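Remarks on the structure that follows.
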Amino acid sequence: MHDSCLSQRRWSRLRLFILVSLCGWCTTLSTLAADARRPNILWISTEDISAHLGCYGDPHAKTPRLDQLAREGVRYSHAFVVAGVCAPCRSSVITGIYPTTLGTQHMRCQATLPAEIKCFTEYLRSAGYYCTNRSKTDYQFKVPSEAWDQSGGRGHWRNRPDPDQPFFAVFNFTTTHESAITSDNKYQQMTKALPRQLVTEPATITTLPPYYCDTPVTRKDWARNYNLIAAMDRQAGVLLEQLKEDGLADNTIVIFWSDHGIGLPRGKRWLYDSGMHVPLIVRIPEALRVGNQGKPGTVNNELVSLIDLAPTLLNLAGIKIPRVMQGRAFLGTRLTAPRQYVYGARDRMDERYDIIRAVRDQRYKYIRNYEPFKAYYQYMNTPEKGASMRELRRVHALGQLPPAAARFMAAHKPLEELYDLQKDPHEINNLAASGAHQTILARMRQAHLQWVLDTRDLGLLPEPEIVLREQQFKSRYAILRQPGGESLVQQLRKTAGLSLRGIDAIPELLQGIDADDAAVRYWACIGLGNLAAGARQHQAAVRAVLQDPSPSVSIAAARALCRMNEPAPALPILVRHLKSPREWVRLNAAIVLDEIDDQARPVIKNLQVALQDKQNKYVVRVANRALNELLKTHNTVR
Ligand SMILES: [Ca+2]
1 MHDSCLSQRR WSRLRLFILV SLCGWCTTLS TLAADARRPN ILWISTEDIS AHLGCYGDPH
61 AKTPRLDQLA REGVRYSHAF VVAGVCAPCR SSVITGIYPT TLGTQHMRCQ ATLPAEIKCF
121 TEYLRSAGYY CTNRSKTDYQ FKVPSEAWDQ SGGRGHWRNR PDPDQPFFAV FNFTTTHESA
181 ITSDNKYQQM TKALPRQLVT EPATITTLPP YYCDTPVTRK DWARNYNLIA AMDRQAGVLL
241 EQLKEDGLAD NTIVIFWSDH GIGLPRGKRW LYDSGMHVPL IVRIPEALRV GNQGKPGTVN
301 NELVSLIDLA PTLLNLAGIK IPRVMQGRAF LGTRLTAPRQ YVYGARDRMD ERYDIIRAVR
361 DQRYKYIRNY EPFKAYYQYM NTPEKGASMR ELRRVHALGQ LPPAAARFMA AHKPLEELYD
421 LQKDPHEINN LAASGAHQTI LARMRQAHLQ WVLDTRDLGL LPEPEIVLRE QQFKSRYAIL
481 RQPGGESLVQ QLRKTAGLSL RGIDAIPELL QGIDADDAAV RYWACIGLGN LAAGARQHQA
541 AVRAVLQDPS PSVSIAAARA LCRMNEPAPA LPILVRHLKS PREWVRLNAA IVLDEIDDQA
601 RPVIKNLQVA LQDKQNKYVV RVANRALNEL LKTHNTVR
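For the sequence shown, this note's numbering assigns the number 1 to the initial residue and increments by one for each residue that follows.
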């Protein structure tokens with residue numbers, strides 16, 4: 001080998017060595033610099049409250065500590081969640097991804113996370129943060145082992161091994177959870193230490209929404225909400241004191257939020273502002289403020305979605321935001337343009353499916369009901385136990401509901417709803433048919449349709465189909481990211497909407513039951529079932545679909561036949577699916593057996609067996625409801 005050649009090679013190796021060393025040195029320097037400005041973050045979340053806080057102008061709220069926090073920080077007036085219930089919201093908060101994108105939109109499902117999506121705390125921990133969670137997870141996927149240093153009842157920033165290590169500490173208060181309004185015991189326990197002057201009396205209340213019955217029963221629930229919030233305010237105060245005691249108040253950003261709106265009817269689980277609008281307060285110590293951000297005592301009215309928390313936290317910590325995240329950072333450096341819209345979704349709440357989507361801008365809310373044939377208030381075990389819900393049912397039976405409350409007792413829903421939040425904050429007056437609002441309606445409908453496509457919304461895939469395809473594609477996230485995913489979304493939307501056109505749609509629905517994709521066949525069967533009265537002569541075509549390899553399609557065909565008054569061939573099919581090893585197939589079969597009322601009488605024994613379902617409590621609830629209706633009993637289940 002030539003000498004000069006050798007020396008050249010040595011020189012290039014040396015150059016590489018110098019370069020690598022320099023890089024390492026630079027990285028160390030930049031890490032040190034980043035550490036120096038990495039703030040601690042204390043995150044206080046609470047369950048199930050709307051913005052019933054003094055700092056939000058509520059006349060009854062007794063929340064001195066959170067009001068003080070707002071005086072020292074920024075109060076966000078337009079913060080919203082992506083779903084009206086814990087688990088899907090928490091899934092979006094921890095990942096920065098919509099539940100409808102990740103397949104975590106159904107209550108208490110279990111999705112597999114794709115490799116490219118992580119809990120944002122994994123990035124914080126990689127950057128040197130000590131991360132604790134006390135204690136709720138409820139993410140709808142298995143918590144990755146890398147997500148937390150400590151998660152559970154003992155998590156606290158005080159446990160970090162090195163007091164100089166930056167921390168991200170989460171404390172979640174369940175004090176205000178809907179169960180504490182419903183249960184006398186839990187309510188007493190949560191409020192027993194509340195001093196007299198912090199208690200709100202039901203008779204003094206002036207803030208009861210018009211979609212409730214103004215009776216002592218409802219007022220009592222509404223007052224409980226205030227008293228639970230007052231109790232939670234004191235708990236938040238203790239944490240803020242601890243932060244001060246530890247000398248950390250000056251280098252810790254505090255963020256307070258609620259996981260969705262009030263745990264009373266038409267609040268929690270719904271996409272009205274009563275379910276989606278939440279309090280959000282951020283206190284940033286002076287030394288950590290960027291520009292005008294965090295100026296004490298200010299109100300920020302930009303639209304914020306809690307899906308933005310993940311990217312915001314990373315941005316505040318100086319960590320690059322992964323491109324896959326769907327939210328936007330609203331604090332820190334290099335912010336993008338503010339949002340024009342926030343988005344919300346409702347899918348399976350507990351044991352009932354109702355596919356609804358919402359888009360909200362600063363002033364208007366657009367709601368799209370994908371299952372308008374279902375009632376607003378489907379019977380659900382947990383909310384029906386609440387006193388306010390029972391009161392609504394009682395007064396409705398007497399025919400004495402106020403008009404705003406009666407509207408939500410309707411057996412069907414309109415396809416679209418549009419509300420002017422400025423003039424109609426309780427969202428009572430649907431403007432979708434108003435001539436003066438058609439431009440706004442068209443703009444917001446388009447925003448909704450675009451979002452469904454952009455985010456690959458999985459909502460129109462029946463849940464058992466999602467589970468099957470997850471096995472095939474390794475994650476739910478990947479299902480609509482296959483070639484043809486976008487056109488499938490469009491085809492599903494079209495098919496799901498056909499039955500609203502009435503019997504004219506029957507020929508297209510009949511074509512739909514032969515479609516290649518099972519989810520399209522499913523919606524075609526649902527449509528034929530919705531139009532049963534006009535579709536009876538097509539029974540034979542529907543009967544052929546009873547043996548469809550997709551359980552969802554087979555169940556939907558059985559439903560259609562029952563609605564065509566032909567239950568005989570359908571019942572054995574439904575019973576077979578009620579015994580399926582797949583839990584969501586069982587649930588879907590149980591729901592149809594409940595829906596067909598008296599036609600299910602021959603299979604009462606099978607419904608009684610379903611009461612013993614050990615794996616899925618929702619199957620038990622639906623079977624119990626169906627049996628109570630059939631046998632005129634009043635049995636209760638968990
Ligand atoms: Ca909650």
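Even for Gly, the Cβ is constructed at its ideal location relative to N, Cα and C.
Treat the numbers as computed from the prediction; the structure is a model and nothing was measured.
Can we count aspartate 350 as close to ligand 1, meaning its CB is less than 7 Å from some heavy atom?
By 1-based counting over the sequence shown, the position of residue 350 is 350. Because no heavy atom of ligand 1 lies under 7 Å away, the Cβ of aspartate 350 does not count as near it: no.
Just verifying my parser: in three-state terms, what is the DSSP assignment at asparagine 530?
The residue you call residue 530 lines up with position 530 of the sequence shown. Correct three-state label for asparagine 530: helix.
Can you grab the Cα-Cα spacing for the pair serine 580 / asparagine 624, in whole Å?
To locate residue 580, count along the sequence shown from 1; it is residue 580. To locate residue 624, count along the sequence shown from 1; it is residue 624. It is roughly 18 Å from the alpha-carbon of serine 580 to the alpha-carbon of asparagine 624.
Can you give me the start and stop residues for the beta strand (DSSP E) that methionine 349 sits inside?
Working through the sequence shown from its first residue, we reach residue 349 at position 349. In the DSSP assignment, methionine 349 falls within the beta strand (DSSP E) that extends over 342-349.
Nearest by alpha-carbon distance to glutamine 293: which of Gly332, Gly327 and Val545 is it?
Along the sequence shown, read from residue 1 onward, the residue named residue 293 stands at position 293. Of Gly332, Gly327 and Val545, the residue nearest in Cα terms is Gly332.
Three-state secondary structure (DSSP) of tyrosine 379:
Translated into positions along the sequence shown, residue 379 becomes position 379. Tyrosine 379 carries a coil assignment under DSSP once its states are collapsed to helix, strand and coil.
Give me the residue from Phe80, His177, Pro59 and Arg134 with the minimum Cα distance to leucine 42.
The residue you call residue 42 lines up with position 42 of the sequence shown. Nearest option by C-alpha distance: Arg134.
Leaving aside the five residues before and after aspartate 224 along the sequence, list all residues of the same chain whose C-beta is less than 7 Å from its C-beta, in chain order.
By one-based count along the sequence shown, residue 224 stands at place 224. Note on identity: in this sequence residue 224 is arginine, with aspartate being the wrong assignment. Cβ neighbours of arginine 224 beyond the five flanking positions: Ile181 and Tyr187.
Arginine 360 to aspartate 214 span [Cα, whole Å]:
For the purposes of this step, residue 360 is identified with residue 360 of the sequence shown, where counting begins at 1. For the purposes of this step, residue 214 is identified with residue 214 of the sequence shown, where counting begins at 1. Going by the C-alpha atoms only, they are around 29 Å apart.
Excluding sequence positions up to five away, which residues of its chain have a Cβ less than 7 Å from the Cβ of serine 21?
Walking along the sequence shown from the start, residue 21 turns up at place 21. Its pLDDT being 49, under 50, serine 21 is placed unreliably by the model, and the measurement read from it follows with that caveat. Apart from the 5 residues on each side of it in sequence, serine 21 has no Cβ closer than 7 Å to any other Cβ in its chain.
Using 7 Å as the cut-off, classify the Cβ of aspartate 664 as near or not near the heavy atoms of ligand 1, replying yes or no.
Residue coverage of the chain in this structure runs from 1 to 638, which leaves residue 664 outside it and unanswerable.
How close, in whole Å, do the beta carbons of threonine 95 and alanine 310 come, if the pair is a contact with beta carbons under 8 Å?
On the sequence shown, residue 95 is found 95 positions in, with the first residue counted as 1. On the sequence shown, residue 310 is found 310 positions in, with the first residue counted as 1. With a Cβ gap of about 6 Å, threonine 95 and alanine 310 count as contacting.
Quick one: is the Cβ of histidine 260 within less than 7 Å of any heavy atom of ligand 1?
Mapped onto the sequence shown, residue 260 falls at position 260. Taking the Cβ of histidine 260 as the reference point, at least one heavy atom of ligand 1 falls within a distance shorter than 7 Å.
Which residues does DSSP pair with glutamine 150 in a beta bridge?
Within the sequence shown, residue 150 is the residue found at index 150, counting from 1. Beta-bridge pairing links glutamine 150 to Thr132.
When you measure from the CB of histidine 177 to every non-hydrogen atom of ligand 1, does any distance come out below 7 Å?
Walking along the sequence shown from the start, residue 177 turns up at place 177. Under cutoff, so the answer is yes.
Below 6 Å CB to CB, which residues in the same chain sit around isoleucine 356 once its five sequence neighbours on both sides are set aside?
Counting from 1 along the sequence shown, the entry for residue 356 is found at position 356. Around isoleucine 356: Leu271, Arg346 and Asn369.
Applying the 10 Å Cβ sphere with the 16-neighbour rule, what's the burial state of lysine 118?
The residue you call residue 118 lines up with position 118 of the sequence shown. By the 10 Å Cβ count, lysine 118 comes out buried.
Along the chain, where does the alpha helix (DSSP H) that runs through valine 290 open and close?
What you label residue 290 is simply residue 290 of the sequence shown in a count that begins at 1. Bounds of any alpha helix (DSSP H) do not take in valine 290, whose DSSP letter is neither H nor E.
Can you tell me whether alanine 329 is helix, strand or coil according to DSSP?
To locate residue 329, count along the sequence shown from 1; it is residue 329. In this structure, alanine 329 counts as coil in the three-state DSSP scheme.
Closest to cysteine 55 by CA distance: which of Arg90, Thr46, Ser77 and Gln446 is it?
On the sequence shown, residue 55 is found 55 positions in, with the first residue counted as 1. Cysteine 55 has its Cα closest to that of Ser77, out of Arg90, Thr46, Ser77 and Gln446.
Can you pull the DSSP bridge partners for lysine 365?
As a first step, residue 365 is located in the sequence shown; it is residue number 365 there, counting from the start. Lysine 365 pairs with Arg360 and Tyr419.
Would you kindly work out how many angstroms separate the C-alpha atoms of glutamate 146 and leucine 124, rounded to a whole number?
Taking the first residue of the sequence shown as position 1, residue 146 is located at position 146. Taking the first residue of the sequence shown as position 1, residue 124 is located at position 124. Spanning the alpha carbons of glutamate 146 and leucine 124 requires a straight line of approximately 10 Å.
Compute every distance between the C-beta of aspartate 48 and the non-hydrogen atoms of ligand 1, then say whether any falls below 7 Å.
As a first step, residue 48 is located in the sequence shown; it is residue number 48 there, counting from the start. Yes, Cβ of aspartate 48 sits closer than 7 Å to a heavy atom of ligand 1.
Does serine 552 pass the burial test, meaning 16 or more other C-beta atoms within 10 Å, or should it be called exposed?
Start at 1 with the first residue of the sequence shown, and residue 552 comes out as number 552. By the C-beta density criterion, serine 552 is buried, having at least 16 other C-beta atoms within 10 angstroms.
I need the boundaries of the alpha helix (DSSP H) containing proline 279, first residue and last residue.
For the purposes of this step, residue 279 is identified with residue 279 of the sequence shown, where counting begins at 1. Counting along the chain, proline 279 falls outside any alpha helix (DSSP H), though it belongs to the beta strand (DSSP E) covering 277-283.
Closest residue to leucine 66 among Gly84, Phe256 and Val592 (Cα-Cα distance)
Here residue 66 refers to the residue found at position 66 of the sequence shown. Answer by Cα proximity: Phe256.
Is the closest heavy atom of ligand 1 to the C-beta of cysteine 55 under 7 Å?
By one-based count along the sequence shown, residue 55 stands at place 55. No, the beta carbon of cysteine 55 sits no closer than 7 Å to any heavy atom of ligand 1.
Test item: CB-CB of proline 569 and methionine 389 under 8 Å:
For the purposes of this step, residue 569 is taken as the residue at position 569 of the sequence shown. For the purposes of this step, residue 389 is taken as the residue at position 389 of the sequence shown. No, the pair does not count as a contact, with Cβ atoms beyond the cut-off.
Quick check on aspartate 613: does DSSP put it in helix, strand or coil?
For the purposes of this step, residue 613 is taken as the residue at position 613 of the sequence shown. In this structure, DSSP gives aspartate 613 a state outside helix and strand, which the three-state scheme calls coil.
In whole angstroms, what separates the C-alpha of leucine 510 from that of alanine 317?
For the purposes of this step, residue 510 is taken as residue 510 along the sequence shown, with counting starting at 1. For the purposes of this step, residue 317 is taken as residue 317 along the sequence shown, with counting starting at 1. Computed Cα separation, rounded: 55 Å.
Mind checking whether the beta-carbon of cysteine 525 lies closer than 7 Å to any heavy atom of ligand 1?
Translated into the one-based positions of the sequence shown, residue 525 becomes position 525. No, Cβ of cysteine 525 sits at least 7 Å from all heavy atoms of ligand 1.
Taking only heavy atoms of ligand 1 into account, decide whether any of them is closer than 7 Å to the Cβ of cysteine 86.
Sequence index remark: in the sequence shown, residue 86 carries index 86 (1-based). At least one heavy atom of ligand 1 is nearer than 7 Å to the Cβ of cysteine 86, so yes.
To the nearest angstrom, how far is it from the Cα of glycine 534 to the Cα of valine 575?
Taking the sequence shown and counting its residues from 1, the one referred to as residue 534 is at position 534. Taking the sequence shown and counting its residues from 1, the one referred to as residue 575 is at position 575. Whole-angstrom Cα-Cα distance: 27 Å.
Which two residues bound the contiguous beta strand (DSSP E) that contains phenylalanine 120?
As a working mapping, residue 120 is identified with position 120 in the sequence shown. Counting along the chain, phenylalanine 120 falls outside any beta strand (DSSP E), though it belongs to the alpha helix (DSSP H) covering 120-126.
To the nearest angstrom, report how far apart aspartate 424 and glycine 57 are at their CA atoms.
As a first step, residue 424 is located in the sequence shown; it is residue number 424 there, counting from the start. As a first step, residue 57 is located in the sequence shown; it is residue number 57 there, counting from the start. It is roughly 18 Å from the alpha-carbon of aspartate 424 to the alpha-carbon of glycine 57.
Just to check my reading of the structure: valine 278 and histidine 260 have Cβ atoms closer than 8 Å, yes? What is that Cβ distance to the nearest angstrom?
Within the sequence shown, the letter at position 278 stands for residue 278. Within the sequence shown, the letter at position 260 stands for residue 260. Correct: roughly 7 Å between the Cβ atoms.
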